[in-house]
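**Q** Going by the UniProt record's numbering, the first residue of the sequence shown is number 1, and it counts up by one from there. Every residue, glycine too, gets a C-beta built ideally from N, C-alpha and C. On a predicted model such as this, the values are computed, not experimentally measured, just so you know. Before I ask anything, here is the structure I am working with.
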Amino acid sequence: MIVGTIAHYLGKRADEYHSHRWTVYVRGLDGEDLSHCVESVEFALHPSFDEPTRVLTQAPYEVTETGWGEFDIGVKITFSSDCGEARTVTTTTPLKLFPSAEEIARHGPQTTKKPLIKERYEEIVFHECDGGFYKRMKSHAWKRAPKSAHDDAWSSFKDKPELVGIYAAREVTKERIKILEQQLEVLESIDANA
1 MIVGTIAHYL GKRADEYHSH RWTVYVRGLD GEDLSHCVES VEFALHPSFD EPTRVLTQAP
61 YEVTETGWGE FDIGVKITFS SDCGEARTVT TTTPLKLFPS AEEIARHGPQ TTKKPLIKER
121 YEEIVFHECD GGFYKRMKSH AWKRAPKSAH DDAWSSFKDK PELVGIYAAR EVTKERIKIL
181 EQQLEVLESI DANA
């Protein structure tokens with residue numbers, strides 16, 4: 001799943017306390033609907049907001065506000081009750097309103113036309129989940145999530161370096177495990193012959 005923020009500079013409509021309109025979200029990879037496994041998503045905003053804790057029980061899992069400052073947003077994802085003991089995943093995502101110097105050099109200054117998107121791919125692994133949950137996840141047909149105002153701005157993670165890096169790291173880990181298992185066999189055979 002994807003966790004992130006998208007911020008739009010308000011330009012001439014900005015005032016001292018509202019320079020950006022921003023949205024924090026949890027979404028499925030490439031727009032997939034997550035309602036078959038997600039029970040709720042809770043966002044913990046800065047305490048200065050009215051109702052800083054927002055709980056969403058249906059997609060789209062996103063909260064939109066306006067403001068002027070950057071802060072970390074707490075994100076708590078609760079999965080359906082049959083997913084096993086680790087039913088919730090808690091993380092944070094930074095609200096970025098202003099591009100870094102590197103981003104300005106690469107893409108130019110911030111404008112009202114180009115939103116600033118900061119998102120990352122989160123791979124969730126369920127251990128010892130209920131058989132029904134596993135079957136439901138495996139047999140679930142891909143379905144598009146409800147429309148979001150930001151669908152056109154979001155990127156696809158199919159060719160993103162983060163995802164490629166995760167797959168590469170998995171392969172390296174598999175190879176290391178294989179080598180360690182072989183070394184363990186050698187040590188056990190030496191120990192058995194001693």
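Report the residue from I179, I177 and V3 whose alpha carbon sits nearest the alpha carbon of D72.
**A** V3
**Q** Going along the chain, which unbroken runs of the alpha helix (DSSP H) with 4 or more residues stay wholly within the stretch 59 to 145?
**A** 101 to 107 and 131 to 139
**Q** Do F126 and D82 have their CB atoms nearer than 8 Å?
**A** no
**Q** I'd like to know whether the C-beta atoms of K96 and E70 end up nearer to each other than 8 Å.
**A** A contact, by the Cβ cut-off of 8 Å.
**Q** Pull up the distance between the alpha-carbon of W142 and that of G11, whole angstroms please.
**A** 39 Å
**Q** Just confirm the distance between the C-beta atoms of S40 and T23, as a whole number of angstroms; I'd bet it's less than 8 Å.
**A** Contact doesn't hold; Cβ gap of about 18 Å is too wide.
**Q** Reducing DSSP to helix, strand and coil, say where E42 ends up.
**A** E42: strand per DSSP, three-state reduction.
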